[in-house]
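In what follows, a single structure is set out as C-alpha cells and then discussed.
2 protein chains.
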Amino acid sequence: MEISAIPRLFPAFEKELQREIQEQGEIRFFKTEEQLMRTGQYFRSTMLILNGLVKIYREDDDGNEFFMYYLQPGQACALSMVCAAEHKRSAIMAKAVKETEIIAIPLHFMEEWMGKYKSWNHFVIGTYRARFEELLSTIDHIAFRGMDERLEFYLKKHQDTMGTNLIALNHQEIANELNSSREVVSRLLKKMEQFGKVKLHRNAIEIIQL
Amino acid sequence: MEISAIPRLFPAFEKELQREIQEQGEIRFFKTEEQLMRTGQYFRSTMLILNGLVKIYREDDDGNEFFMYYLQPGQACALSMVCAAEHKRSAIMAKAVKETEIIAIPLHFMEEWMGKYKSWNHFVIGTYRARFEELLSTIDHIAFRGMDERLEFYLKKHQDTMGTNLIALNHQEIANELNSSREVVSRLLKKMEQFGKVKLHRNAIEIIQL
DNA sequence: TCCTTACTGTGACCTTCGTCACCTATGGCA
DNA sequence: TGCCATAGGTGACGAAGGTCACAGTAAGGA
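Below you can see the structure in the form of C-alpha cells.
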C-alpha cells in the first residue's frame, strides 16, 4: 500500500516530496471507532489520511461530541497543522469511521518542506482553506437553522460521503453528533418519513428523497 | 502613514517584502460602518489592516448578520486569501467599526511572494491558524452555550477589543450581531444589571464586573 | 418648552427543543 | 418458544428564546 498510495492520493506533490513522505512518515492503522486524536492532546505530527474515513468533532467540557466534518483519503487534518506549528493542545477530537490508515509526518518536516516544496506549501494552504469553509458552513447551520434542517443536512452529508442510501446509525448516535437528544431525532425522522423523505428501519435509515 | 506603518505592524517581514508591499499595495480608507467586502463579492486582492478596526460577519439568505470576530491592525482577512486563491465569491461580510485604513495586495502577488518570502508564508499560515481558532471558539459558543453566556462573552470581547468599559451600542444592534432579538437582549442585560455585572444607560452599557 | 422619535422595559403567548416516563417492537439466543 | 436487551415511539411537561403589544423614558430638534 505504501508504495502506490502516496502518488495516487497526492499526485500534485513533487516526486522528491513523495519519496520523503514515504521515508519520514510513519504509517499507522486505526480501527473503526478508534480515536486518532483526543481533545487536549499535544501533537507531535501532522496526519495525512491514506485510507478509510475520519470524522472531526468539537467537544465541550461535559464530553458532548459535536460533529463538524469528514476527512477523506488525500486530505489532512488542518488542526494537527495548527497545533503542531504552535505546540498547542488539540481543540478537537478525531475518530475513525472505518478502518483507517494514516501517515504521520513529524512536525519539523512540516516546517522544512514548506520552504523546500512548493506543492507542500500549496497543500497546506489548501487544507486550511477547505477546512475553513467547512467550519463556516457548520456555523451557518447552527446559527441560522433549526434541528429539522440540520438533521436533513447531516443525513445528506452522510449519504454523499459514504456513498450509500442506507445509513447504519441509530437515533441516539445521530442525536449525539448533532448535540441534541434521541427523542427529538426520533420525532423529526418520523416526520420526514411521513413526507416520504426517508424510510425508517431498525438501526438504519434509508434515504428516499432529500 | 504608509512609510512607518508597514515596518511597525509587520516587523517580521523582510525589508524587501515591506518595500514591495508599499510599492504594489493600494491604500484604501473606509469610514465607520462602511463595508470592506460584501457577501457574494469576488476578490481581486488580499487586505492587510493598517489602522482602525474591522468586524467579520456571516450573513444568511435573509440578510441576518452574525458577528464572528474582529480584525485589528497588523492582521489580514483570511477569507480574502481563501477566495483570492480560488477566484471564489466571498462567504462573509466585513465592516469597519472605526475609521479604517487598509492596504490591498493584488492577488497575484500573494502567490508570488509565497515562494519568494518566507515571512510572507508564515504570515499567511499564521492568519489561517488564528482565524481557524476564532471560528472554533465561535462554534463552541453557539453549539454549547445559551444566550446569557454568549451575551456576556460578546460584551467581554467588545471591552477587550475597544479597550473601554463603556459599550456604545443599543440593544437592537447587539441582538442583530448575536442573531437574537432585542427583547431577549434587554431582558438578559436587565438580569446582568441586577447581578451588578453591568450598568445600563441609554445607548450604552457600562461594564462593572464580568 | 414641548413634541417627536428612538430606545428600553415588560407581560403574554408561542414554538422549539430537551427531559422524563413509559410503552412497544425487534432480534438474538438460551 | 419465551426471555431479555436494545431500539424506537409518544405524550406530558418545562425552559429558553422568539414574537407581539404596549407603556415608559430620555434626547434632540422645532
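Top line first, the protein sequences correspond to chains A and B. When the letters of the first sequence are read in order and numbered with this note's numbering, they come out as residues 1 to 210. When the letters of the second sequence are read in order and numbered with this note's numbering, they come out as residues 1001 to 1210. All C-beta atoms in this analysis are idealised placements derived from N, C-alpha and C, irrespective of residue type, glycine included.
How is residue i classed by DSSP in three states: helix, strand or coil?
i: Glu1099 of chain B; result: coil
i: Ala1143 of chain B; result: helix
i: Gln1159 of chain B; result: helix
i: Ala1012 of chain B; result: coil
i: Ala78 of chain A; result: helix
i: Ala1204 of chain B; result: strand
i: Leu166 of chain A; result: strand
Just curious, the beta strand (DSSP E) that residue i is in, first and last residue?
i: Asn957 of chain B; result: The structure shown does not extend to residue 957 of chain B, since chain B is modelled only from 1001 through 1210, so no value can be given for it.
i: Phe67 of chain A; result: 65-71
i: Gln1035 of chain B; result: 1035-1037
i: Lys55 of chain A; result: 54-59
i: Ile92 of chain A; result: No beta strand (DSSP E) contains Ile92 of chain A, which DSSP labels as neither H nor E.
Considering only the alpha carbon of each residue, which of the options lies closest to residue i?
i: Ile125 of chain A; options: A:Leu50, A:Leu136, A:Ile139, A:Met110; result: A:Met110
i: Met68 of chain A; options: A:Leu189, A:Thr32, A:Glu134, A:Leu166; result: A:Glu134
i: Leu178 of chain A; options: A:Ile167, A:Met192, A:Tyr57, A:Ala78; result: A:Tyr57
i: Thr1138 of chain B; options: B:Arg1187, B:Leu1210, B:Leu1017, B:Lys1157; result: B:Lys1157
i: Ala141 of chain A; options: B:Phe1066, B:Leu1151, B:Arg1150, B:Thr1161; result: Checking the sequence, you will find His at residue 141 of chain A rather than Ala. Comparing Cα-Cα distances from His141 of chain A to each of B:Phe1066, B:Leu1151, B:Arg1150, B:Thr1161, the minimum goes to B:Phe1066.
i: Leu48 of chain A; options: A:Asp61, A:Gln22, A:Asp62, A:Arg38; result: A:Gln22
i: Ile1092 of chain B; options: B:Glu1112, B:Asp1061, B:Ile1103; result: B:Asp1061
i: Arg1150 of chain B; options: B:Leu1053, B:Leu1166, B:Leu1210; result: B:Leu1210
i: Lys1055 of chain B; options: B:Tyr1154, B:Asn1165, B:Glu1183, B:Lys1199; result: B:Tyr1154
i: Gln172 of chain A; options: A:Val184, A:Gly163, A:Met162; result: A:Val184
i: Asn64 of chain A; options: A:Met81, A:Ser181, A:Trp120; result: A:Ser181
i: Gln1072 of chain B; options: B:Arg1131, B:Lys1191, B:Lys1190, B:Glu1152; result: B:Arg1131
i: Leu1050 of chain B; options: B:Phe1010, B:Trp1120, B:Leu1136, B:Lys1191; result: B:Phe1010
i: Leu1036 of chain B; options: B:Ile1103, B:Ile1006, B:Arg1187; result: B:Ile1103
i: Thr1046 of chain B; options: B:Glu1152, B:Leu1136, B:Trp1120, B:Asp1160; result: B:Trp1120
i: Gln24 of chain A; options: A:Ser4, A:Leu107, A:Met81; result: A:Leu107
i: Thr1127 of chain B; options: B:Met1081, B:Ile1205, B:Ala1005; result: B:Met1081
i: Glu152 of chain A; options: A:Ser186, A:Leu136, A:His122; result: A:Ser186
Note down, in chain order, every chain A residue with its Cβ under 9 Å from the Cβ of residue i.
i: Lys1095 of chain B; result: Simply none; closest approach about 17 Å.
i: Ile1021 of chain B; result: The contacting residues do not exist; Ile1021 of chain B stays about 19 Å from chain A at best.
In chain A, which residues lie less than 8 Å from residue i when you measure between Cβ atoms?
i: Phe1132 of chain B; result: Ala78, Leu79, Val82, Tyr128, Arg131, Phe132, Leu135
i: Ala1143 of chain B; result: Arg58, Asp60, Phe66, Ile142, Asn179
i: Val1124 of chain B; result: Ile125
i: Asn1121 of chain B; result: Met114, Gly115, Asn121
Give the interface partners of residue i over in chain A, defined as CB-CB distance under 7 Å, in chain order.
i: Lys1118 of chain B; result: Gly115
i: Asn1176 of chain B; result: None at all; the shortest Cβ gap to chain A is about 12 Å.
Quick check: the Cα distance between residue i and residue j, rounded to an integer number of angstroms?
i: Ile174 of chain A; j: Glu1059 of chain B; result: 27 Å
i: Phe1029 of chain B; j: Glu1101 of chain B; result: 5 Å
i: Tyr70 of chain A; j: Asn1203 of chain B; result: 44 Å
i: Lys118 of chain A; j: Gly196 of chain A; result: 50 Å
i: Glu1014 of chain B; j: Leu169 of chain A; result: 54 Å
i: Ile1207 of chain B; j: Lys1095 of chain B; result: 24 Å
i: Ala76 of chain A; j: Glu99 of chain A; result: 17 Å
i: Gly115 of chain A; j: Glu16 of chain A; result: 14 Å
i: Glu1020 of chain B; j: Val1097 of chain B; result: 28 Å
i: Ile105 of chain A; j: Glu26 of chain A; result: 7 Å
i: Arg44 of chain A; j: Phe1144 of chain B; result: 29 Å
i: Gly1052 of chain B; j: Ile1167 of chain B; result: 17 Å
i: Arg129 of chain A; j: His1201 of chain B; result: 42 Å
i: Met147 of chain A; j: Tyr42 of chain A; result: 34 Å
i: Glu1034 of chain B; j: Trp113 of chain A; result: 41 Å
i: Lys238 of chain A; j: Met162 of chain A; result: Since the first residue shown for chain A is 1 and the last is 210, residue 238 of chain A is missing from the structure and cannot be characterised.
i: Asn165 of chain A; j: Lys199 of chain A; result: 10 Å
i: Leu188 of chain A; j: Asn176 of chain A; result: 15 Å
i: Gln1194 of chain B; j: Ala78 of chain A; result: 44 Å
i: Thr1032 of chain B; j: Arg1038 of chain B; result: 15 Å
i: Pro7 of chain A; j: Gln18 of chain A; result: 7 Å
i: Gly74 of chain A; j: Asp160 of chain A; result: 17 Å
i: Phe123 of chain A; j: Ile1205 of chain B; result: 46 Å
i: Ala1005 of chain B; j: Leu1136 of chain B; result: 31 Å
i: Ala12 of chain A; j: Gly40 of chain A; result: 33 Å
Specify, as a first and last residue, the run of the alpha helix (DSSP H) that residue i falls within.
i: Ala175 of chain A; result: 171-177
i: Leu107 of chain A; result: 107-116
i: Lys1190 of chain B; result: 1182-1194
Less than 8 Å separating the Cβ of residue i from some heavy atom of the ligand SAH?
i: Ala1104 of chain B; result: For the structure depicted, the ligand SAH is absent and the ligand set is empty, with no information on it obtainable.
Starting from residue i, find everything on chain B with Cβ-Cβ shorter than 8 Å and list it in chain order.
i: Asp148 of chain A; result: The premise fails here: Asp148 of chain A is roughly 16 Å from chain B at the closest Cβ pair, so nothing lies under 8 Å.
i: Thr138 of chain A; result: Ile1139
i: Ala91 of chain A; result: Glu1133, Leu1136
Could you list which residues in chain B have their beta carbon closer than 9 Å to that of residue i, in chain order?
i: Ala12 of chain A; result: None at all; the shortest Cβ gap to chain B is about 14 Å.
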